[in-house]
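The structure is reproduced here in structure tokens:
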């Protein structure tokens, strides 16, 4: 028996729950979740919720529509997604991490499924803000399958991350068969040339945070360019950062053997652009 008077192992009925899973807008049962633990044909979007609101909600909805059309031949309806998000947020704390996953009820390894309405799994967890940095990234040649879709079942990302960590790096930066830097394991890359933000040109997942920052930089009047960036170009870079749903910018101090200069003004610019995006309620 737990006799600790300060213990909070048994939450009160109706209290917000940090960890929860909803399937199609209602609490998921163990029987419903068990087959999903082995399912690799699905796609998702991840977001940080603060005060019950989300930045870039329209971009998250667009990502889910595109992913479902690509994998299942049928878009996920925005109204349904928003309803499922609201149901999860009503039972959760105001600040949290949230992942919305779309999957086919017929499963995988079958020709059945195209045109079937995707089901939605929404799960929540503790709020996150990412590492403090600066980071050292190992350059690894790797090109993701269907890079424009944020799909599940990508062991290569974790494998390469752990291999890099054993070599003394914090994470990885991927290069394609043409030698172009594309993205990190779970990050988008952004570079600074001293006056413009440079986005790498390559096949990659265009992150929601990246989309938020890009449109807000436009509104701030900050120059942006998209061009190919290779390892040979790094000595001319004036700053580098990574971003994802956790954070709009963590400094990168090294990619492979190339040391990158500190660029606090660049990091501040990325964060200001992100903060300029108004959060909205689902």
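Residue numbers (my numbering): 1 to 282. Beta carbons: idealized from backbone N, C-alpha and C, even for Gly.
Alpha helix (DSSP H) segment containing residue 79, residue limits: 78 to 90
Pairwise C-alpha distance: residue 42 and residue 85: 18 Å
Compute the distance between the beta-carbons of residue 97 and residue 126, then report whether it is under 8 Å. yes
Own chain partners of residue 82 with C-beta closer than 7 Å, once the 5 adjacent residues on each side are dropped: 282
C-alpha gap between residue 79 and residue 88, whole angstroms: 14 Å
Buried or exposed for residue 163, please, with buried defined as at least 16 other CB atoms from any protein chain shown within 10 angstroms of its CB. exposed
Using a Cβ-Cβ cut-off of 8 Å (strictly less than) and excluding sequence neighbours within five positions of residue 210, which residues of its own chain qualify? 188, 190, 199, 243
Identify the continuous beta strand (DSSP E) that holds residue 103 and give its terminal residues. 96 to 103
With 16 other CB atoms within 10 Å as the buried threshold, where does residue 270 fall? buried
Apart from the five residues on each side of it in sequence, which residues of its chain come closer than 8 Å, Cβ to Cβ, to residue 68? 43, 74, 75, 76, 102, 118
Could you tell me which of 175, 260, 139 sits nearest to residue 167, measuring between CA atoms? 139
So, is residue 248 buried or exposed, given that buried needs 16 or more other C-beta atoms within 10 angstroms? buried
Considering only their Cβ atoms, is the gap separating residue 130 from residue 54 smaller than 8 Å? no
I think residue 181 touches residue 172, with their Cβ atoms under 8 Å apart; what is that distance to the nearest whole Å? About 11 Å separates the two Cβ atoms, so there is no contact after all.
In three-state DSSP terms, what is residue 186? coil
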